[in-house]
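Be aware that the sequence shown starts at 2, since it is given in the numbering used here, and climbs by one per residue.
One structure below.
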Amino acid sequence: MIKKNNWKGWLYLAPIIILMAVFTFYPLVSTFSIAFMRNYNYLTQTSSGFTFDNFGIVLGLTPTNPGDDKLAYVTDVVRYAIPNTAIITFVTVPLSIIIALAISVGLNSIPKFQKVLQTIFFVPYVTNAIAVGMVFAVLFDYNGIINFIIGDMGSPWIDQGAPTWKAMIALCVYIIWSSLPFKILIFLSGLAGIDKQYYDAAKIDSAGKFKTLMNVTVPLLSPQILYVMITSFIGAFKEYDSVVGLLGKSGTDATNNMYTVVYYIYDTIGNNHVQYGAAAAILLFIVILIFTGIQFWVSKKRVHY
């Protein structure tokens with residue numbers, strides 16, 4: 002009976018399988034193949050052969066035109082994209098998780114206004130990233146409120162002539178703020194599932210609020226923290242819309258090349274160097290895969306289900 006009804010299961014799954022085949026599996030296979038093509042032409046879908054040079058060109062190890070007398074190397078990835086992406090990843094993710102956890106614990110302790118405040122904190126998640134970036138661009142403008150508060154009117158943050166470190170601070174603030182709602186939502190759902198008897202036991206043992214947080218709340222929230230950490234690191238490695246939203250299309254030049262790896266991928270594809278973008282995408286995929294694997298390996302001893 003089970004075998005006879007198998008076709009019904011496949012029929013129900015057919016729409017999603019077709020969509021995934023067209024929009025997920027085919028692009029993945031295509032990207033892998035393009036990354037190893039020499040002189041790939043996107044319009045004619047042709048190339049001049051198989052090569053590993055695209056990866057060397059992306060990393061600045063192989064010249065773009067080996068036959069020329071003056072060898073040209075691509076340095077944007079190593080000099081700007083990789084450092085900027087690393088800073089964004091390892092600064093914004095830990096800070097956003099800590100802030101989101103603190104806000105979630107605070108909201109959970111005031112159930113009377115929790116729904117209202119939760120709605121307020123969730124607004125950035127449903128707001129267009131470009132629109133939010135424009136608001137932050139006004140805040141960090143020459144005569145914006147940030148300079149007014151610190152008493153440094155006229156000092157650029159994200160405009161032309163701004164130092165890289167100031168542009169990076171503005172970008173990290175924007176990323177942290179825009180990433181908080183999703184994390185808060187996940188942590189609040191996790192807090193709602195924690196049995197109150199653990200907190201009652203902590204009170205009996207005269208444990209303070211900080212000890213209760215570190216020894217009860219955080220361990221019991223470890224599955225949610227792991228999920229948020231993995232998704233946040235993946236999202237940070239793929240950061241792109243925040244750069245465009247805050248700095249604009251020309252912002253990378255105006256602020257000493259605030260490139261990210263994904264920004265470089267889009268930029269090279271837009272400049273008809275699809276093979277370089279595909280190679281960079283494969284390298285980024287490998288890094289994300291390795292980093293995610295490390296997190297899962299560490300979580301075996303740190304996560305309590």
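All C-beta atoms in this analysis are idealised placements derived from N, C-alpha and C, irrespective of residue type, glycine included.
| Check | Outcome |
| --- | --- |
| What's the gap between the Cα of Leu221 and the Cα of Lys301? | 14 angstroms |
| Going by Cα to Cα distance, which pick from Leu172, Ile98 and Ile226 is closest to Ala130? | Leu172 |
| Sort out for me which residues DSSP pairs Asn42 with in a bridge. | Thr47 |
| Taking only runs of the alpha helix (DSSP H) that begin and end inside the segment 186 to 227, which ones reach a length of at least 4 residues, in chain order? | 197 to 205 and 210 to 213 |
| Our contact map puts Ala279 next to Ile35 with C-beta atoms below 8 angstroms; I'd like the distance itself, whole angstroms only. | 4 angstroms |
| Can you list, in chain order, the stretches of the beta strand (DSSP E) that have 3 or more residues and sit fully within the segment 235 to 301? | none |
| Could you compute how far the alpha carbon of Ile195 sits from the alpha carbon of Ser207? | 19 angstroms |
| Excluding the 5 residues flanking Leu214 on each side, which residues of the same chain have their C-beta closer than 7 angstroms to its C-beta? | Val106 |
| Return yes when the Cβ of Thr90 is within less than 8 angstroms of the Cβ of Ala237, no when it is not. | yes |
| Answer yes or no: does any C-beta atom of chain C fall closer than 8 angstroms to that of Gln225? | Within the model displayed, chain C is absent; a lone protein chain is all it includes. |
| So, helix, strand or coil for Leu62, using DSSP? | coil |
| Check each candidate in Gly10, Pro84 and Ser31 and name the one with the smallest Cα separation from Thr261. | Pro84 |
| Taking the alpha-carbon of Ile226 as reference, which of Ile177, Val94, Phe137 and Leu108 has the nearest alpha-carbon? | Val94 |
| Which residue wins for smallest C-alpha separation from Met230, given the options Gly271, Phe183, Tyr199 and Ala202? | Phe183 |
| Which one of Ile170, Thr293, Ala202 and Asn55 has the shortest CA to CA distance from Tyr228? | Thr293 |
| Ile177: which of Asn109, Ser97 and Gly145 sits nearest, CA to CA? | Ser97 |
| Rounded to a whole number of angstroms, what is the C-alpha to C-alpha distance between Asn40 and Pro157? | 41 angstroms |
| Tell me which residue opens and which closes the alpha helix (DSSP H) that Pro16 is part of. | Asn7 to Met21 |
| Do Val59 and Leu290 have their beta-carbon atoms positioned less than 8 angstroms apart in this structure? | no |
| Between Asp70 and the rest of its own chain, which residues show a CB-CB distance below 7 angstroms, the 5 nearest in sequence each way excluded? | Residue confidence is low: Asp70 scores 48 on pLDDT, short of 50, so the model does not pin down where it sits. No coordinate-derived value is stated. |
| Among Phe37, Asn42, Tyr43 and Leu44, whose alpha-carbon lies nearest the alpha-carbon of Thr52? | Phe37 |
| Is Val263 closer than 8 angstroms to Lys239 when the C-beta atoms are compared? | yes |
| Looking only at its chain, what residues have a beta carbon closer than 6 angstroms to the beta carbon of Asn273, apart from the 5 residues adjacent to it on each side? | none |
| Relative to the C-alpha of Val92, which candidate in Val78, Tyr126 and Ser180 has its C-alpha closest? | Ser180 |
| Using the Cβ count rule (16 or more neighbours within 10 Å means buried), how would you classify Ser49? | exposed |
| Helix, strand or coil for Tyr27, going by three-state DSSP, please let me know. | helix |
| Just curious, the alpha helix (DSSP H) that Ser156 is in, first and last residue? | Where Ser156 is concerned, there is no enclosing alpha helix (DSSP H), given that its DSSP letter is neither H nor E. |
| Quick check: the Cα distance between Arg303 and Thr45, rounded to an integer number of angstroms? | 51 angstroms |
| Quick check: the Cα distance between Ala138 and Ala103, rounded to an integer number of angstroms? | 27 angstroms |
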